[in-house]
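In structure tokens:
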């Protein structure tokens, strides 16, 4: 595995933005020897993709950055409940009636538990979950997110 600096130099030699009229804003180093290329316009991204054959021959993997899913914190869930139980309750109390096209399975696939927080031996804990933006919006706009159960005191957006 190459270091970030070696990868950056090799990438600059392959792309040659000054000679091929590509407007590169900058190169940032990432973990595991990766490099992120910043451009000024979409046309420059297309030019870079056209020179992707040279990059793939050199062993580079090419992709675009993806945004992180927003996170929600479910405060006051019972520690005795499993995460799938909590997710099922959240779905049935908040999204089942308003989104008839969404099933429990699609909901469970689209969300993920980031982590649990709270005291170790407490009766309640907090769930930090990653959700798609449209689900986050539906959950946040509710006055009482878990209206028929006492466990969810509050649901807040943390990102």
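Residue numbers (our numbering): 625 to 783.
Cβ coordinates follow ideal geometry from the N, Cα and C atoms, glycine included.
All values derive from a computational prediction rather than experimental measurement.
Item, Value
"Do residue 752 and residue 738 have their C-beta atoms closer together than 7 Å?", "yes"
"For residue 690, name the three-state secondary structure that DSSP assigns.", "coil"
"Given a cut-off of 7 Å on the beta-carbon distance, is the pair residue 790 and residue 651 in contact?", "Since the displayed the chain opens at 625 and closes at 783, residue 790 lies outside it and no answer follows."
"If you check the beta carbons only, do residue 718 and residue 763 fall under 7 Å apart?", "yes"
"Determine the contact status of residue 694 and residue 736, defining contact as a CB-CB distance below 7 Å.", "no"
"Can you have a look at residue 759 and say buried or exposed, based on whether 16 or more other CB atoms are within 10 angstroms of its CB?", "buried"
"Please report how far the alpha carbon of residue 661 lies from the alpha carbon of residue 649, in whole angstroms.", "8 Å"
"Kindly indicate which three-state DSSP category residue 750 falls into: helix, strand or coil?", "strand"
"Measuring CA to CA, which of 665, 732 and 714 is closest to residue 699?", "714"
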